[in-house]
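There are 2 protein chains.
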Amino acid sequence: MESEQVTGAKEIPDIVVGRLPIYLRALQRMMEEGRRLTSSQELGERLGISAAQIRKDLSQFGEFGKQGTGYSIEFLAEQILHILQVNQVWEMVVVGAGDIGSAIARYQGFANRGFRVIKLFDSDPQKIGQEVGPFTIHNASELEDTIRQAGIKVAMIATPSASAQGVADRLVSAGVKAILNYAPISLNVPEDVQVQYIDPVIHLQRMTYYL
Amino acid sequence: MESEQVTGAKEIPDIVVGRLPIYLRALQRMMEEGRRLTSSQELGERLGISAAQIRKDLSQFGEFGKQGTGYSIEFLAEQILHILQVNQVWEMVVVGAGDIGSAIARYQGFANRGFRVIKLFDSDPQKIGQEVGPFTIHNASELEDTIRQAGIKVAMIATPSASAQGVADRLVSAGVKAILNYAPISLNVPEDVQVQYIDPVIHLQRMTYYL
DNA sequence: TAGATTGTTAATCGATTAACAATC
DNA sequence: TAGATTGTTAATCGATTAACAATC
């Protein structure tokens, strides 16, 4: 094909982007296992995804494999890290220091996967000043200052539902561009701000349909 | 159309089932707001989903609306509760009493949404016997007995990655049919067992692509 | 009645899969 | 070389959207 979109590079489907972190996680696991090479078939079997789909997805970004031998696990992982921009560490703030906020602030799983929590906030005077693992709970009134000064782009909301939209508005106004929301409520944000949701009940209800 | 699948009722696409909990959550929020009626258009605007899609999705299960007036929020919510089988309370066990396991055991958001945690397990002798909110941490060796005696069908895994597959195998052997896995690893389970995953890093990495 | 909104059909759009030449 | 596996094309499959008759 010789025609090309004038508007710029070809658009990568969102659903493809969404699978890259899954591929990356599997590749990093294989690295821990000491493996060197893999194939679209093996990766697909591990993940329950067809080999063709994995090859198709990866081909959107470049040619990372070798015919006959497959993919270097380390090389492919490195490529995906770059594509997802997680070959750097994104500093995050957590808003809401209840059970969930405290647990995610202390979560060990961010290390080596591109993220680090730098500060934990709450608006409850009873909680402000208390320690949660290595964190001191800060007054939520300092939210904007912290975000602006540290150039924070990523935040997690773990407040009650009633506060979540208000917190989101403040995060966005201070420059946050990606929000992971643990409050069970849909957020309205500008188009250029990414939002993802974690609500365990949504997942559970999806499963009980089949029981 | 007069033909009918001999194999049984028409198959509902998984992606449609996956949206029902989202609809339900929005409807329950509207109920809290004291609303009585809604429309596919309003619901769609709240959720960022097209009105046509919502009507199409719902039409897979029956006719729940009225031309000209829309949907009774309470009635539609009730119908979806039934479809998803969350018009009952599913008792759950949580395996792993670290930060995450303790937080989800105490999570207030399960109430009124069809789920209740009844027991929390860990294999660490240091933790067994300790209290976590209203729960006492039980020895993971009692897992199978508890599940069989209480007829538990739903479980959450919040162990380290290395233990997750082993725990899943034990859950399945004891009769669990739905697993929500917080460990960042893909699980292999029989076809008749549902698995859903919660890994915040997957969501975060999906967003950083666009930053 | 006039206006609004459903449920459904057909058309469109997009994603997945199958197949295979290229090549390591 | 023979075997294996990629990257890519074309075909298939499935999901979304647009449109509208039905009707509250």
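Heads up: the protein sequence lines correspond to chains A and B, in order. Residues 10 to 220, numbered by this note's numbering, are exactly what the first sequence covers, in order. Residues 10 to 220, numbered by this note's numbering, are exactly what the second sequence covers, in order. A virtual CB, placed ideally from N, CA and C, is assigned to each residue, including glycine. Quick caveat: nothing in here was measured; it's all calculated off a predicted structure.
Restricted to the stretch 75-111 of chain B, the alpha helix (DSSP H) segments that are unbroken, complete and at least 4 residues in length are 82-92, listed in chain order. Residue pairing from DSSP places residue 164 (chain B) in a beta bridge opposite B:102, B:188. Taking a C-beta distance under 7 Å as the contact criterion, residue 167 (chain A) and residue 105 (chain A) qualify as a contact pair.
By the neighbour-count criterion, in which a residue is buried when 16 or more other Cβ atoms sit within 10 angstroms of its Cβ, residue 91 (chain B) is exposed.
Residues of chain B with a Cβ closer than 8 Å to the Cβ of residue 39 (chain A) do not exist; the shortest Cβ-Cβ separation is about 12 Å. In this structure, residue 216 (chain B) places its C-beta atom within 7 Å of the C-beta atom of residue 205 (chain A). As the crow flies, the alpha-carbon of residue 181 (chain A) is around 35 Å from that of residue 103 (chain B). The residue among B:129, B:202, B:163 with its C-alpha nearest the C-alpha of residue 150 (chain B) is B:129. Taking a cut-off of 8 Å for Cβ pairs, the stretch 62-74 of chain B and the stretch 70-90 of chain A do not touch, as fewer than three such pairs fall below it. Chain order gives the chain A residues near residue 207 (chain B) as 207, 209, 212, where near means a beta carbon separation below 7 Å. Here DSSP, grouped into helix, strand and coil, assigns residue 205 (chain B) to strand. According to the DSSP assignment, residue 45 (chain B) belongs to no alpha helix (DSSP H), since it is labelled neither H nor E. When the Cα atoms are used, residue 139 (chain A) and residue 161 (chain B) turn out to be separated by approximately 38 Å. The beta carbon of residue 122 (chain A) sits closer than 7 Å to some beta carbon of chain B. Residue 30 (chain B) and residue 110 (chain B) have their alpha carbons spaced roughly 23 Å apart. Excluding sequence positions up to five before and after residue 186 (chain A), its CB lies within less than 8 Å of the CB of 162, 163, 201, 202, 203, all in the same chain and listed in chain order.
Shown here, residue 130 (chain A) sits in a strand according to DSSP, grouped into three states. Annotation: residue 47 (chain B) to residue 147 (chain B) spans about 46 Å, alpha carbon to alpha carbon.
At least one CB atom of chain B sits nearer than 7 Å to the CB of residue 95 (chain A). Per DSSP, residue 63 (chain B) is one residue of the alpha helix (DSSP H) stretching across 60-68.
Per DSSP, the continuous alpha helix (DSSP H) segment holding residue 156 (chain A) begins and ends at 152-159. Rounded to whole angstroms, residue 196 (chain A) and residue 36 (chain B) show a C-alpha spacing of 15 Å.
Our two residues, residue 65 (chain A) and residue 158 (chain B), have alpha carbons roughly 47 Å apart in a direct line.
Contacts with chain A (Cβ-Cβ distance below 8 Å) from the stretch 112-141 of chain B involve 112, 113, 115, 116, 118, 119, 122, 123, 124, listed in chain order. From the beta-carbon of residue 203 (chain A), the residues of chain B found nearer than 7 Å are 216, 219.
Ranked by how close their Cα comes to the Cα of residue 84 (chain B), the residues B:54, B:39, B:97, B:121 have B:39 in first place. At the C-beta level, residue 198 (chain B) and residue 177 (chain B) come within 7 Å of one another.
With 16 or more other Cβ atoms from the protein chains shown falling within 10 Å of its own Cβ, residue 67 (chain B) counts as buried. A distance below 6 Å between beta-carbons, with the five flanking residues on each side excluded, links residue 63 (chain A) to the following residues of its chain, in chain order: 49, 52, 53. Beta-bridge analysis with DSSP links residue 72 (chain B) to no other residue. Membership of residue 50 (chain B) in the alpha helix (DSSP H) is indicated by the continuous run 49-56. Distance from the CA of residue 210 (chain A) to the CA of residue 194 (chain A), rounded to the nearest whole angstrom, comes to 12 Å. The Cβ atoms of residue 184 (chain B) and residue 156 (chain B) sit closer than 7 Å to each other. Residue pairing by DSSP places residue 140 (chain A) opposite A:145 in a beta bridge. In this structure, the alpha-carbon of residue 116 (chain A) lies about 15 Å from that of residue 98 (chain A). Linking residue 43 (chain B) to residue 136 (chain B) through their CA atoms gives a straight-line distance of about 44 Å.
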